[in-house]
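Remarks on the structure that follows.
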Amino acid sequence: MKQLTTHRIFNGEQQIWQHFSGSLNCEMKFAIYLPDTAKNQKLPVLYWLSGLTCTEQNFITKSGYQRYADEHNVIVVAPDTSPRGEGVADDSSYDLGQGAGFYINATQGEWIKHYQMYDYIAQELPALINAHFPTSGKQSIFGHSMGGHGALTIAFKNLENYQSVSAFSPIVAPMQVAWGQKAFTAYLGDDKQAWADYDSVALLEKHHIEIKQKNLPILIEQGDKDEFLHTQLKPEIFCQMADKLGVNYQFELQAGFDHSYYFIASFIGKHIVFHAKYLK
Ligand SMILES: N[C@@H](CCC(=O)N[C@@H](CSC=O)C(=O)NCC(=O)O)C(=O)O
């Protein structure tokens, strides 16, 4: 593992590291924020999953999260959104291929060799972080849009590993919207059972008893001026399913906000406070 950069910000360091990922079969970068308190104590880790077109850079340069990670003594890790490199399969559109890994394990054609983002985020990256940084063993996960989908699905499938989950403008039902249908067809083929294993509404239905037993804290933040709200996100599908199953969640519709990082920056402090409460 190689450190590429470090920058002091608030009472901590924003670093970028590069390593070879065995799951993805390529070199990967991730961002990590280490509050100074990590020098003397083990801290919990909050994983951020970014959306379509993002790298490890978007969140760390646009959200302003470092102020809150420092204040609440949380290590925050922000990985890239897909495997990368010249030898890695890609597509000319922004919503498939590099920058659009969808946090799933591909089973089809040219995608299989590298597009195993589910394994990378759920297993390989936490093991790497825990081996190299002073972590307490407690972790939570959050993300935006495609990354909100990733956070919800990974938390629901690995309840024992996460204290809490939150999402900004998540794609809650990828099986039912164009972004998800396009990616799932390419990466998973036509098998709808395979699709359901990466759809947070389907997973909520499948795991609702365990989710309720754990009382998993779930927070969804959504802007009402989001340009993708009624086409790709459709949070009402999640809310209707959770209400039907009696699963507790917090859904916040924020007036005037769109899909951008201006929205994320406006509420990132609230989400870090939300997670910090359960990571103590
Ligand atoms: N047509 C746009 C679509 C890309 C976009 O809006 N990406 C969002 C995430 S959308 C869902 O996953 C994003 O976070 N963009 C990066 C940013 O810094 O804003 C386009 O191609 O730009």
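Take any residue in the sequence shown, count from 1 to its spot, add 748: that is its number in my numbering. Idealized CB from N, CA, C, for every residue including glycine.
Does DSSP put residue i in a helix, a strand or coil?
i	result
Val925	coil
Gly989	Reading off the sequence, residue 989 comes out as Met, not Gly. DSSP places Met989 in helix when its eight states are reduced to three.
His767	strand
Phe1011	helix
Thr815	Strictly speaking, residue 815 in this sequence is Arg, with Thr absent from that position. If DSSP states are grouped into helix, strand and coil, Arg815 belongs with the helices.
Glu834	coil
Asn853	strand
Val825	strand
Thr809	helix
Thr785	helix
His978	helix
Ile919	coil
Pro792	strand
Glu804	coil
Leu752	strand
Ile968	strand
Gln1002	strand
Gly760	strand
Ile845	The residue you asked about is not Ile; residue 845 is Gly in the sequence shown. In the structure shown, Gly845 sits in a strand (DSSP, three-state: E or B).
Leu772	coil
Lys973	coil
Lys1025	helix
Ile1016	helix
Lys861	coil
Using only the alpha-carbon positions, how far apart do residue i and residue j sit?
i	j	result
Asp843	Ala903	23 Å
Glu872	Gly770	8 Å
Val836	Gly857	12 Å
Ser888	Asp838	30 Å
Ile877	Val822	13 Å
Asn773	Ala854	13 Å
Gln998	Thr883	28 Å
Lys954	Ala944	9 Å
Met818	His892	Residue identity check: residue 818 is Asp in the sequence provided, not Met. In a straight line, the C-alpha of Asp818 is about 21 Å away from that of His892.
Gln970	Phe1005	8 Å
Asn909	Gln763	24 Å
Phe987	Leu981	First, the amino acid is wrong: residue 987 is Cys here, not Phe. Roughly 12 Å between the two C-alpha positions.
Gly898	Lys810	20 Å
Ile966	Leu752	34 Å
Glu734	Asn963	In the structure as shown, the chain starts at 749 and stops at 1028, and residue 734 therefore has no counterpart that could be examined.
Lys1028	Gln789	13 Å
His820	Ser1014	17 Å
Tyr866	Ile1020	23 Å
Leu907	Thr901	10 Å
Tyr781	Ile1012	17 Å
Ile852	Leu797	13 Å
Ile959	Tyr795	19 Å
Ala875	Trp765	15 Å
Gly799	Gln961	30 Å
Can you tell which of the options has the C-alpha that lies nearest to the C-alpha of residue i?
i	options	result
Thr911	Gln929, Phe890 and Ala921	Strictly speaking, residue 911 in this sequence is Gln, with Thr absent from that position. Answer by Cα proximity: Phe890.
His1023	Glu953, Ile957, Gly898 and Ala915	Ala915
Asp974	Gln1002, Arg756, Lys750 and Pro882	Gln1002
Ala779	Phe768, Ile808 and Asn759	Ile808
Gln929	Lys954, Asn963, Thr979 and Glu908	Thr979
His767	Tyr851, Met776 and Phe1015	Met776
Glu834	His862, Glu819, Ser841 and Phe850	His862
Glu1000	Ala899, Asp972, Ala875 and Gly1017	Asp972
Asn759	Phe986, Leu900, Phe1015 and Ala786	Ala786
Asp784	His755, Tyr795, Gly799 and Lys810	His755
Ala879	Tyr795, Ile860 and Met749	Met749
Gly885	Val793, Ala1013, Phe1015 and Val1021	Val793
His1007	Thr901, Phe976 and Tyr1026	Phe976
Tyr1009	Leu782, Gly895 and Tyr1026	Gly895
Val825	Ile957, Phe932, Ala870 and Ala934	Ala870
Ile957	Lys1025, Gly1017, Val925 and Lys905	Lys905
Val913	Ile968, Ile1016, Phe850 and Lys1018	Ile968
How do the stretch 846–856 and the stretch 805–817 stand: do at least 3 beta-carbon pairs fall below 8 Å, yes or no? Taking 8 Å as the limit for Cβ pairs, the verdict is that the stretch 805–817 does not touch the stretch 846–856.
Within the chosen definition, does the stretch 985–997 reach the stretch 933–944 through at least 3 CB pairs nearer than 8 Å? Counting Cβ pairs under 8 Å, fewer than three are found: no touch.
Pairing CB atoms from the stretch 824–838 with CB atoms from the stretch 795–809, are three or more of them under 8 Å? For the pair of segments examined, the stretch 824–838 was found to touch the stretch 795–809: the number of CB pairs separated by less than 8 Å reaches three.
Count Cβ pairs between the stretch 943–956 and the stretch 917–929 that sit closer than 8 Å; are there 3 or more? The way I'd put it, the stretch 943–956 does touch the stretch 917–929; three or more beta-carbon pairs between them come closer than 8 Å.
Which runs of the alpha helix (DSSP H), 4 residues or longer, sit entirely within the stretch 865–912? Scanning the stretch 865–912 from its first residue to its last, the whole alpha helix (DSSP H) runs of 4-plus residues come out as 873–880 and 894–905.
At 4 residues or longer, what runs of the alpha helix (DSSP H) sit wholly inside the stretch 924–958? Taking 4 residues as the minimum length, the alpha helix (DSSP H) runs contained wholly in the stretch 924–958 are 926–936 and 940–944, in order along the chain.
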